[in-house]
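A quick write-up on the structure given underneath.
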Amino acid sequence: AVPAGTAPVDTVLAERLQKSEQNKAAAASLAAHIPALKKASAPAAVLATMETRLKKLEDRPAAAAAKPVNGVAASVTVLSVAQLRDAVQSGEAYADSMVSLRAIAETDLALKAPLLILEKQAKSGIPTLAALSDGFSRLAGKIVAVGGTSTDSGWLDRAVSRISSLVSLRRIDGGGDPNSVETIVAHIETRLGKGDLIAAVKSADDLKKVSGQAHEIAKPWLSRAKGRLNAERALASLHVHAASLLAPTKE
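Numbering (this note's numbering), first residue to last: 75 to 325.
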């Protein structure tokens, strides 16, 4: 029987168990008391349930045990990620939108890697897809002109290339020689028009196989485009992690 003036043993155990589920070390300590509690007046069914819950805590992997369980903290993380995503997508500087996530990352280490990627352009901003498309269109003529001129070209060839870069005398349907700079540039523009930045970047990288000069002209644009792709991947990683914080823990 439970001594007079003390709380029922199952109530005490329940209170300690609730705390233990947030602290695996405490759970191990509490488990040691269960044999003695079985001799007290706690209902067998209650103790059996608590034993089961403690066993799950003890068997839970360390990564799962460290997972945030605070619903408020999870909601703040989700909101902060959404605000950062909108700021990045605007094309403007987004350093101020990273402040709260930097603080959260001090205890949620899964945020650190994607935030490090986003830090690189936080003060300047990430170019939008529309800006990248417009930027490449302005470069296209020059890339084709340079790509079609070799170092030993005569003055006439160089003059024709110079004129073509000024007035954009080039095919834009991508129907020419598949290994020509002109065709690759047309493919890049088509893919950008469809919003497929990954394919556009891959095609731009292929320029170096055809013309080192053309690739050099495209390099600054490529750097900006790859910066956007890296930012998109980092944002996707943050989004997945934030969503996982709201999902029920599988035990």
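For every residue, glycine included, the Cβ atom is placed at its ideal position computed from N, Cα and C.
Thinking C-alpha only, which one of LEU158, GLU166 and THR202 is nearest LEU266?
THR202
Supposed contact pair LEU206 and ALA354 - C-beta distance, whole angstroms, cut 8 angstroms
A question about residue 354 goes unanswered here, because the residues of the chain that appear run from 75 up to 325.
Contact between the stretch 169 to 180 and the stretch 287 to 305: three or more CB pairs below 8 angstroms?
Of all C-beta pairs linking the stretch 169 to 180 to the stretch 287 to 305, fewer than three are shorter than 8 angstroms, placing the two stretches out of contact.
On the three-pair Cβ rule with 8 angstroms, is the stretch 147 to 161 touching the stretch 304 to 324?
yes
Alpha helix (DSSP H) runs contained entirely in the stretch 149 to 208, provided each spans 4 or more residues
173 to 178 and 186 to 193
Only counting the same chain, and skipping five residues up and downstream in sequence, which positions put a Cβ closer than 8 angstroms to that of GLN195?
GLY301 and ALA305
Extent of the continuous alpha helix (DSSP H) to which ASP279 belongs
271 to 279
Are the Cβ atoms of ALA184 and HIS313 separated by less than 7 angstroms?
no
With 16 as the cutoff for other CB atoms within 10 Å, does ILE200 come out buried or exposed?
It is buried - the Cβ of ILE200 has at least 16 other Cβ atoms within 10 Å.
Quick check: the Cα distance between ALA260 and VAL218, rounded to an integer number of angstroms?
10 angstroms
Opening and closing residue of the alpha helix (DSSP H) in which LYS293 lies
286 to 320
Proximity winner among VAL255, ALA292 and LEU303, relative to ALA273 (alpha-carbon distances):
LEU303
Cutting at 6 angstroms between CB atoms, please list the residues of its own chain near VAL220, excluding the five before and the five after it.
GLN287, ALA288 and ILE291
Quick one: Cα of LEU33 to Cα of SER164, how far?
The requested residue 33 does not occur in the structure, where the chain is confined to residues 75 to 325.
For LYS216, does the three-state DSSP call read helix, strand or coil?
helix
Alpha carbon of ARG159 to alpha carbon of ALA167, nearest angstrom
12 angstroms
Is DSSP giving LYS282 helix, strand or coil here?
helix
Going by alpha carbons, who is nearest to GLU263 out of VAL152, VAL155, SER154 and LEU213?
Of the listed residues, the one whose Cα sits closest to GLU263 is LEU213.
Please report how far the alpha carbon of LYS197 lies from the alpha carbon of ALA161, in whole angstroms.
12 angstroms
Close-in-space but distant-in-sequence residues of the same chain around THR80 (CB under 6 angstroms, 5 per side omitted):
Residue placement at THR80 is flagged as unreliable, the pLDDT there being 46, under the threshold of 50; the coordinate-derived value follows with that caveat. Same-chain partners within the cutoff: there are none.
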